[in-house]
Amino acid sequence: MFPLKDHNPTRTRPVMTLALIVVNLAVFFLWQPSAFWLPDVQAESEQRAFLAAHAAVPCEIIQTRPLDAVEAATGSCHDPAGPPLFPQKHIYFSVLASLFLHGSLFHIASNMWFLWIFGNNIEEAFGRFRYLAFYFAGGIIATLGFVVLQANQAAPLVGASGAIAAVLGAYLALFPGRRILGLIGIWPVPVPAALFLGLWFFGQFATQDIGVAWEAHVAGFAFGFLATFATRRALLRRLRRLHAY
């Protein structure tokens with residue numbers, strides 16, 4: 002099921018959500034090589050090299066060192082067999098950088114659409130700067146969740162979906178009864194947010210074998226839901242005050 006819109010109006014402008022979308026698009030089109038959005042077979046090596054140089058890699062985070070050439074080629078950790086492939090890579094900064102890197106046009110388009118649909122309400126509930134902090138915390142926790150479960154993985158992890166999963170978890174905690182207009186096949190169907198997001202969450206466990214970082218999605222969603230549920234009353238009071246004017 003794909004979201005078309007939600008029936009949950011806001012009173013404030015989603016400045017941070019828009020800023021995050023703009024930065025993600027700028028990174029994709031201006032920093033990442035054009036091979037990502039004008040792909041061809043010969044460009045695959047350029048894509049792999051860029052991601053290896055900049056994106057978070059579980060093996061690197063666990064061992065606190067960049068991959069060597071053999072690890073990058075095999076996709077798994079081992080004792081160092083040679084010099085680092087990218088010796089200047091900052092391992093911990095790569096965790097943050099990965100939140101803005103995407104593997105394809107479809108990847109970034111779908112992520113930004115989900116962020117636009119659900120992010121504005123969460124930004125209004127949290128306030129702009131707390132929302133931004135929450136977004137990054139969700140993304141970092143999602144990445145670390147993936148690292149813990151895939152510690153021997155030497156392939157890069159990219160995408161904003163872990164942070165966006167935290168936003169989805171927060172939406173479920175705050176607005177379970179709001180209607181989401183979802184696309185089922187070619188038919189738009191309104192469903193409660195609890196149903197839509199519940200299907201999204203449990204659907205992650207069905208994607209384990211198709212190259213989707215479901216562990217990061219689950220970790221981000223769980224963090225977003227639990228962190229928001231713990232402060233749900235205060236956040237809803239804030240929303241009631243905002244909508245009273």
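So the sequence shown is numbered by this note's numbering: it starts at 2 and just counts up by one.
Beta carbons are placed, not taken as given, at the ideal position from N, Cα and C, and that holds for glycine.
Using alpha carbons as the reference points, say which of the options lies closest to residue i.
i: G140; options: G221, F115, E125; result: G221
i: G225; options: A134, L243, P191; result: A134
i: A56; options: V71, L237, L243, V96; result: V96
i: P191; options: Q48, R179, L200, L158; result: R179
i: A174; options: L150, A152, P157, G199; result: G199
i: L169; options: H218, L39, E61; result: H218
i: Y1; options: V16, F107, P4, T11; result: The structure shown does not extend to residue 1, since the chain spans only 2 to 246, so no value can be given for it.
i: A152; options: T75, M2, F101, I62; result: I62
i: F202; options: R234, L236, A167; result: A167
i: D80; options: Q89, A74, Q64; result: Q64
i: R233; options: K90, A245, I123; result: I123
i: P88; options: Q205, A245, A54; result: A54
i: P157; options: F206, G212, I181; result: G212
i: R239; options: R129, A73, Q205; result: R129
So who's on the other strand from residue i, going by DSSP bridges?
i: G183; result: P4, V190
i: Q151; result: Partner(s): none; Q151 has no beta bridge.
i: A1; result: Summary: the structure shown does not reach residue 1, with the chain confined to residues 2 through 246, and so no result is reported for it.
i: P260; result: Since the displayed the chain opens at 2 and closes at 246, residue 260 lies outside it and no answer follows.
i: S77; result: Q154
Taking C-beta to C-beta, are residue i and residue j nearer than 8 Å?
i: G163; j: A143; result: yes
i: I165; j: F115; result: yes
i: A161; j: N112; result: yes
i: L52; j: D69; result: no
i: S46; j: A155; result: no
i: I92; j: P59; result: no
i: V159; j: S99; result: yes
i: F147; j: A214; result: yes
i: I109; j: N25; result: yes
i: E125; j: T229; result: no
i: L227; j: Y136; result: no
i: P193; j: P177; result: yes
i: W117; j: T18; result: yes
i: L5; j: G183; result: yes
i: F101; j: V28; result: yes
i: L236; j: F127; result: yes
i: Q48; j: F37; result: yes
For residue i, name the three-state secondary structure that DSSP assigns.
i: S162; result: helix
i: S35; result: helix
i: R14; result: coil
i: H91; result: coil
i: N9; result: coil
i: A174; result: helix
i: H218; result: helix
i: H108; result: helix
i: G225; result: helix
i: G204; result: helix
i: V213; result: coil
i: L102; result: coil
i: G128; result: coil
In terms of residues, what are the limits of the alpha helix (DSSP H) holding residue i?
i: C60; result: 59-64
i: S46; result: 45-55
i: L237; result: 233-245
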